[in-house]
Amino acid sequence: ADMPLREKLRRAYDVILGRQEALPWLTHKGYALFQEFLEGNPYDTRVTVIGERAFGFRRFNRPNDFRASGSGKIDYTPDEIAPEFIRLAFDTARRLRSQSCAIDGLWRGSQPVVGEVTYTYTSWAVHECPGYWDENLDWHAGNLWPEEAQAQDFIARLENRYDVT
């Protein structure tokens, strides 16, 4: 059954104020998550998918550490991004039915794997990419803010939905 708009807004307001859980059916205790350590990765490859665009860069590990996130050592050279990670990012976004998400790609031997998926990413890091790949892995040069790409996609969907040209 459809909930009236007024009720939806009241519930959203209660969630924002902390009076109600956003997802009360989720268990928030009594479990642990573990991530496999993949040896021999001096960097991870962050690929952010926004619609039909993939922005990529490599993040190198901190000295004497296996973590790349937050190191500040970023390489934006497009030729250094393995196409396997671009395909993997598009596939992950498609499977999640997500218009916008980022993966951290790592190697398990010769197999590309997803170490992490996030829908929150740093805008400036994506903007620093010198361009993006489309789903055919064709390169499109030029910086683009993620928010701008999202707005372009939103407007295109509206135009297609209402057949506005």
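One gets our numbering by counting positions in the sequence shown from 1 and adding 5 to each.
All C-beta atoms in this analysis are idealised placements derived from N, C-alpha and C, irrespective of residue type, glycine included.
In this text the structure is predicted, and so the values were computed from the model without any measurement.
{"Asked": "What number of angstroms, rounded off, separates the C-alpha of Asp84 from the C-alpha of Phe62?", "Found": "10 Å"}
{"Asked": "Alpha carbon to alpha carbon, what distance is there between Phe65 and Thr127?", "Found": "16 Å"}
{"Asked": "Using the Cα positions of Tyr137 and Arg58, report the straight-line distance between them to the nearest angstrom.", "Found": "6 Å"}
{"Asked": "Of all the options Gly35, Ile55 and Tyr18, which has the alpha carbon lying nearest to the alpha carbon of Ala140?", "Found": "Note that residue 140 corresponds to Glu in the displayed sequence, not to Ala. Per the Cα distances, Ile55."}
{"Asked": "Return the first residue and the last residue of the alpha helix (DSSP H) that Ala161 is part of.", "Found": "Pro151 to Tyr167"}
{"Asked": "So is Asp109 buried or exposed if we call it buried at 16+ other beta carbons inside 10 Å?", "Found": "buried"}
{"Asked": "Hey, could you find the ends of the beta strand (DSSP E) Glu121 is sitting in?", "Found": "Gln116 to Thr123"}
{"Asked": "List the whole-angstrom C-beta distance separating Thr50 from Phe95, where the pair is believed to meet the contact cut-off of C-beta under 8 Å.", "Found": "Not really, about 14 Å apart at Cβ, beyond 8 Å."}
{"Asked": "If you compare alpha carbons, which of Trp112, Ile79, Ala87 and Arg16 is closest to Glu41?", "Found": "Trp112"}
{"Asked": "Trp138 bridges to which residues according to DSSP?", "Found": "Ala59 and Trp144"}
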